[in-house]
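If you count by our numbering, then the sequence shown holds residues 1006 to 1489, one letter each, in order.
The C-beta atom is built at its ideal place from N, Cα and C for all residues, glycine as well.
Remember, predicted model here, so these are calculated numbers, not experimental data.
The structure appears right after this line, and notes come after that.
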Amino acid sequence: MCSDAEESGSRILSVISVTTLASFLTGLNARLAVVGLPIIASALNADVDMMLWIIQGYMFGSTIIQLIIGRLSDLYGRVRLFNLGFLIFICAAVLAGFAPNPYVLIVARMIQGVGGALLMTLSVTILTDNVPSNSLGTWLGVNQVAWRVGAVAGLSLSGVIIDAMGWRWIYLIYVPIGFIFYLWGMHTLKEAYKPEEKPRIDMGGFTLFTAFLISILLSLTMFTSGTTYIQMASILLVLSLMFLAIFVLWEIRIQQPALDLRLFKIWQFTGGITAQLLYSIGFGSFSTLLVLYLEIVRGFSATSSGLLIVPFEASYLVFGVLGGRLSDKYGYVPVTVIGLISSATAFLGLSTINPSSDVNMIIFYEVMFGFGTGLFLSPNTSSIMTSVPAGKRGVASSLRSVSANIGMLLSLNVAILSMVQYIPYDVASALISSNGVEDLSGYTLADLSNAIAKSFMIQALAMLAAIPFSLSRAIKRGRKVKNE
């Protein structure tokens, strides 16, 4: 017979295997369609705005569901919703693969974002529930490295899949892969957390948060298009702030909120969430900016550009696990601060690029950024998750993902706003969508390179702004929140 220790070890390995596969699947999804996006737009006759929403649709769907995921998982169980995430992801992949027009594809991507959010958010929660705290940082690092492995596979295989089977298989390929992972999850995962009784879902808070996110995203989209929609953009921005204020007041007053704002009394949690948000603002547009530089300024093919981003992903594969181990040994504060400094330095280096920059130097900055990302992400995630009581981890994980997703959504808008200070919006939007590349309306490649470089500078400033919040957690302590 197996001892209790052996049985516990086997259970932990099963949990790690399933959550790692889920991270791989979502990482594959994040990169697989990058090379094929212009082909998809051409096949479905999608314009620039539709292209942008095909890109953002997944993140939008993922973000709006985050707060309710935390409450649902705390009430009904993490494992049940995690496995449901596989099914939603698979069904949305079928819809996307057979989409007859860009509108259906955008809706499919939003639905797929819901499934992806369930997988990514709850994989962290399930790991935290089952893995000992002294090794949690290491396994969270492995979990995030699995995402990067999927991303590398996506960058490497997308061109092959499109050439061999057509663009629709970029989405349909998730069906067999996702179904296998779903069966494995159903077979191996057992609920380690007992749900609360008399569950109540905060639909009011969910609705207000959704209204806030929709209005602010539409506002930012309109702001980036110049003065044409400036009045409507301003109105939507004011509305978004109103929705946010009402949301906060609503959450404070009700008994079972979607977001327990008392968690912000814990500075380890608050500092980690804020650092995560600022980091994501810096990170979110990295690939887009670098691909624009490589393809447009330097003339590399889409496939070659994808492969030239692999050094960053490969660097993170190496240093992602190292970051978790170092945080387990030395604590999360020094490791995360070093990671942020390294990331900011890499972006400052990229802010100096020009049409004749040495590609090897760009690769060096990518590796440096991968090093910084590895040292920041998993230790910061571990510090956020271990700062709250077990009964609040679902909410904490959701809020961590929300901060990351909002940062990613803001990042592209910030990058575009920066670029249009140096080149017109219509040129910038055409370049983002990989259309109209041959017509720069009289602007030179040096102008475009300068616009991209200035955007990298903005991302570097976001990384630097995250350092005080991460460092302050070594000094400041908040009040404890009871596990109610």
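Report the three-state DSSP secondary structure of residue i (helix, strand or coil).
| i | result |
| --- | --- |
| N1135 | helix |
| T1357 | coil |
| D1265 | coil |
| R1205 | coil |
| V1098 | The question names Val, but residue 1098 in the sequence shown is Ala. Three-state result, A1098: helix. |
| K980 | Nothing about residue 980 can be reported from this structure: the residues present for the chain run from 1006 to 1489 only. |
| F1305 | coil |
| Y1234 | coil |
| L1049 | coil |
| I1480 | coil |
| A1470 | helix |
| P1316 | helix |
| Q1464 | helix |
| G1171 | coil |
| I1240 | helix |
| S1439 | Low local confidence applies: a pLDDT of 49 at S1439 is under 50, so the model's placement there is unreliable, and no value is given. |
| K1195 | coil |
| S1161 | helix |
| I1178 | coil |
| Q1260 | coil |
| G1277 | helix |
| S1290 | coil |
| A1216 | helix |
| S1019 | helix |
| I1185 | helix |
| I1271 | coil |
| S1475 | helix |
| T1499 | Limits of the chain in this structure are 1006 at one end and 1489 at the other, which puts residue 1499 out of reach. |
| F1248 | helix |
| A1038 | coil |
With a cut-off of 8 angstroms on the beta carbons, I'd call residue i and residue j a contact; round off their distance for me.
| i | j | result |
| --- | --- | --- |
| E1318 | R1153 | 5 angstroms |
| M1424 | I1457 | 7 angstroms |
| S1416 | Q1071 | Their Cβ separation, rounded to whole angstroms, is 17 angstroms, which puts S1416 and Q1071 out of contact at 8 angstroms. |
| N1088 | Y1179 | With 8 angstroms as the limit, N1088 and Y1179 do not qualify as a contact, their Cβ atoms being about 16 angstroms apart. |
| V1302 | L1450 | 5 angstroms |
| T1279 | N1148 | About 22 angstroms separates the two Cβ atoms, so there is no contact after all. |
| S1408 | Q1281 | 5 angstroms |
| I1221 | L1242 | 7 angstroms |
| N1359 | S1454 | 5 angstroms |
| L1380 | F1324 | 6 angstroms |
| R1083 | T1130 | 5 angstroms |
Mind checking if residue i is an interface residue toward chain C, Cβ cutoff 9 angstroms exclusive?
| i | result |
| --- | --- |
| S1388 | Reference to chain C is not applicable here, since this structure consists of a single protein chain. |
Indicate, with yes or no, if the ligand MN has a heavy atom lying under 8 angstroms from the CB of residue i.
| i | result |
| --- | --- |
| K1334 | The ligand content of the structure shown is nil, which means the ligand MN is not present either. |
Problem - Unbroken stretches of the alpha helix (DSSP H), 4 residues or longer, contained in the stretch 1340 to 1427 - result: 1364 to 1391 and 1398 to 1424
Exercise for the section: Determine contact between the stretch 1112 to 1129 and the stretch 1087 to 1098, defined as no fewer than three beta-carbon pairs at a distance below 8 angstroms. Expected result: yes
Handout entry: Meets three-Cβ-pair contact criterion under 8 angstroms: the stretch 1389 to 1403 and the stretch 1153 to 1170
Key = no
Practice task
Enumerate, from N- to C-terminal direction, the unbroken alpha helix (DSSP H) stretches of 4 or more residues contained entirely within the stretch 1059 to 1127.
Solution key: 1071 to 1081 and 1083 to 1102
Problem - Three-pair Cβ contact test at 8 angstroms for the stretch 1256 to 1272 versus the stretch 1379 to 1387 - result: no
Exercise for the section: Flag this pair as touching only if the stretch 1096 to 1115 and the stretch 1353 to 1369 have three or more C-beta atom pairs under 8 angstroms; answer yes or no. Expected result: no
Problem - Cβ contact check for the stretch 1310 to 1327 and the stretch 1361 to 1373: 3 or more pairs under 8 angstroms - result: yes
Practice task
Count the CB pairs spanning the stretch 1459 to 1476 and the stretch 1288 to 1296 that are closer than 8 angstroms, and state whether there are at least three.
Solution key: yes
Handout entry: Validate contact between the stretch 1212 to 1222 and the stretch 1068 to 1082 using beta carbons, cut 8 angstroms, 3 pairs
Key = yes
Exercise for the section: Could you tell me whether the stretch 1319 to 1339 touches the stretch 1132 to 1147, where touching means 3 or more Cβ pairs closer than 8 angstroms? Expected result: yes
Exercise for the section: Pair every Cβ in the stretch 1074 to 1081 with every Cβ in the stretch 1122 to 1133, then say whether three or more of these pairs are closer than 8 angstroms. Expected result: yes
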